Amino acid sequence: MASDLYDKVDPSIWESIAIDERVYAIPKEVPSAEVTYVRGDWLDELGMDAPTNYEEFLDMLRAFKNNIDACTIPYTAPGLTSEMAMPEFYQDAHYGFTKVDGKWIDGFAQDNMAEAMQRMQDAYAEGLIDMEIITNTTSTCRDSWYEGKVGVFTYWSGKWGGTLQERLVANNEGTIARPIEPIDVATYYYSTLSGLCISGLVDDEKAEQIFKYFIEYMHDGNEGQVLFQSGVEGVHWEQDGDYISPLPNLADNTTLTTSVWITPWLAISDLEVTDKQTAMSDEVANSLAITDAVAVQQPITPVSETYNKISSDLTLEKSNILAKVVMGEMTVEDGVATYAEVAEELNVAQVLAELNGEA
């Protein structure tokens, strides 16, 4: 069927969801990105500016740890295995497979990953990184942040920028969740796009109906997009001039319904109607402004039959090595050597050959 949806979407969105230059899905929305939040009120109390390089970043963590009584966790993250969640420590390193100069490589086997492990080990030994980071989940990190214990936490920009501030200040009067620009060696990343696919088991007529009345409708720039972004008038929102004023959430009337399916400020197509705008708080806008300007999209990893077979074992081995290195139970050099043995045993070379179309 004929549709103008493809032309309404920024080409970079299609590129970011493509595998080998072929698009297999239609994005629900633009992906979110992570940004580093620091306790702005603590920076103000100490007379410090936001850090711009790694040494200043460590100095900030040390100042929080040594001079702020409420700070029991200078830096937290949900585990050690995500460069998205620990951009200041990973810097240019990658935990998984990544593409460099058009070729897929094993990020964990690179020299820059060894350097990242050394940074984490040193900071952990100094008490700058959450002692419970190995077993942390996102919810435990958020709870510690809300309680006012944490100095630095990297998390989603946009809606979460508002939530992290609201929940923090609700428990700790006068506190500030301040998103900061990435330090000079760090990169903020977008999450992988989530895509909507139509099953090949349905006939052509049914596929056309699904596309027209569901997928295309939610991105139509008009009433369909309003419905999927903000919900039903009188149930999820009410009209307020040219803006949509959110109503209390049906599941939790202490919060407002800011989105129902598509986050309004992450829509892949522009809203063409002019009287259904969504207001953003400064906290939401400030964090989005940073990631919109600097965040990077990582490529989607192609299919590898060998990786599908070994992924669980490989992930377990890498996480164990990284945990032991960071906790000081293994040197970085021993960690690198141990991983080389694991990679050989699990045939990571074959995975790379398949990812690069050489097998």
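Here my numbering is used: the first residue of the sequence shown is 874, the next is one more, and so on.
The beta carbon of each residue, even a glycine, is placed where N, CA and C say it ideally should be.
Keep in mind it's a predicted model, so treat the numbers as computed, not measured.
In the three-state scheme derived from DSSP, where H, G and I count as helix and E and B as strand, residue 941 is classed as coil. Under DSSP, the beta-bridge partners assigned to residue 1118 are 1111.
Within the DSSP secondary-structure output, residue 1069 pairs in a beta bridge with 899.
Nearest to residue 912 by alpha-carbon distance, out of 1052, 925, 929, is 1052.
In the three-state DSSP reduction, residue 1034 falls in the helix class (H, G or I).
Of 1162, 1026, 994, the smallest CA-CA separation from residue 1009 is found for 1026. Non-local C-beta neighbours of residue 1064 in its own chain, meaning closer than 6 Å and more than five positions away in sequence, comprise 904, 905, ordered along the chain. Boundaries of the beta strand (DSSP E) harbouring residue 979: 976–979, taken from the DSSP string. The C-beta of residue 992 has 16 or more other C-beta atoms within 10 Å across all chains shown, which makes the residue buried. Around the CB of residue 1038, 16 or more other CB atoms lie within 10 Å, so the residue is classed as buried. Residue 1133 is not a Cβ neighbour of residue 1094, given a cutoff of 8 Å. A residue is called buried once 16 or more other Cβ atoms fall within 10 Å of its Cβ, and residue 909 is buried on that count. Taking residue 969 as reference, the option from 931, 1151, 1174 with the minimal CA-CA separation is 1174.
When rounded, the separation of the alpha-carbon atoms in residue 982 and residue 1190 is 13 Å. For the options 1024, 1028, 998, 1004, the alpha carbon positioned closest to that of residue 1012 is the one of 1028. Residue 1099 and residue 1076 have their C-alpha atoms some 29 Å from each other. Rounded to the nearest whole angstrom, the C-alpha separation of residue 1150 and residue 1111 is 12 Å.
A contact between stretches requires three or more CB pairs, one per stretch, nearer than 8 Å, and the segment 1165–1180 meets this requirement with the segment 890–904. Nearest in C-alpha terms to residue 1154, of all of 1035, 1046, 937, 980, is 1035. Remark: C-beta atoms of residue 964 and residue 1199 do not approach each other more closely than 8 Å.
By the Cβ test, the segment 1163–1174 is not in contact with the segment 916–923, since fewer than three Cβ pairs between them sit closer than 8 Å.
Residue 907 is a Cβ neighbour of residue 1062, given a cutoff of 8 Å. Counted as a single uninterrupted DSSP element, the stretch harbouring residue 1106 is not any beta strand (DSSP E), since DSSP gives it neither H nor E. Residue pairing of residue 1029 in beta bridges, as defined by DSSP: 907.
The shortest C-alpha to C-alpha distance from residue 962 to any of 1056, 884, 1229 is the one to 1056.
Three or more pairs of CB atoms, one per stretch, sit closer than 8 Å, so the segment 925–939 contacts the segment 947–954. Straight across, the Cα-Cα distance linking residue 1021 with residue 1096 is about 42 Å. Less than 8 Å divides the Cβ of residue 1069 from the Cβ of residue 899. 8 Å or more divides the Cβ of residue 1137 from the Cβ of residue 1129.
In the three-state DSSP reduction, residue 1232 falls in the coil class, being neither helix nor strand.
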